[in-house]
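Read the structure below first, then the notes.
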Amino acid sequence: MSRKSKLGAASEMKAAAEFMQRGFHVSKSLDPQCPFDLVVTNDKGESCLIDVKTKCIRKTKSYYNKPGDKINRTPSKIQKKMGIEIYEVEQ
Numbered sequence: 001m002s003r004k005s006k007l008g009a010a011s012e013m014k015a016a017a018e019f020m021q022r023g024f025h026v027s028k029s030l031d032p033q034c035p036f037d038l039v040v041t042n043d044k045g046e047s048c049l050i051d052v053k054t055k056c057i058r059k060t061k062s063y064y065n066k067p068g069d070k071i072n073r074t075p076s077k078i079q080k081k082m083g084i085e086i087y088e089v090e091q
């Protein structure tokens, strides 16, 4: 497993723990190609699909950004269509 994969898996577990501590029920996707990582459900049965991302900071300069800027994450077309929310975790 690559360092990036390990970091992503750790971020998913951290996000799941954060949601559970806030009283939500949490399920994890089993499909590695699934457009979401977690299903978060409240006590009323209302669910939300979550794609977990690790908060990242730029190390190098790019055309519009400088080192130290936060890397913004946006949902893909399928994620937008499915109503999946991006949840960023700090490591």
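1 is the number of the first residue of the sequence shown in the working numbering; add one for each residue after it. In this text, a Cβ means the ideal position worked out from N, Cα and C, and glycines have one as well.
Would a C-beta distance cut-off of 8 Å place residue i and residue j closer than the cut-off?
i, j, result
"residue 49", "residue 85", "yes"
"residue 11", "residue 54", "yes"
"residue 47", "residue 38", "no"
Compare the C-alpha of residue i against each of the options and name the closest.
i, options, result
"residue 35", "89, 21, 74, 90", "74"
"residue 72", "13, 78, 83, 89", "89"
How big is the Cα-Cα spacing for residue i and residue j?
i, j, result
"residue 40", "residue 70", "26 Å"
"residue 8", "residue 51", "11 Å"
"residue 18", "residue 43", "16 Å"
"residue 56", "residue 4", "12 Å"
"residue 82", "residue 32", "17 Å"
"residue 25", "residue 14", "14 Å"
"residue 6", "residue 20", "21 Å"
For residue i, which of helix, strand or coil comes out of DSSP?
i, result
"residue 4", "helix"
"residue 14", "helix"
**Asked** Unbroken beta strand (DSSP E) runs of length 3 or more, entirely within the stretch 64 to 90: which are they?
**Response** 85 to 89
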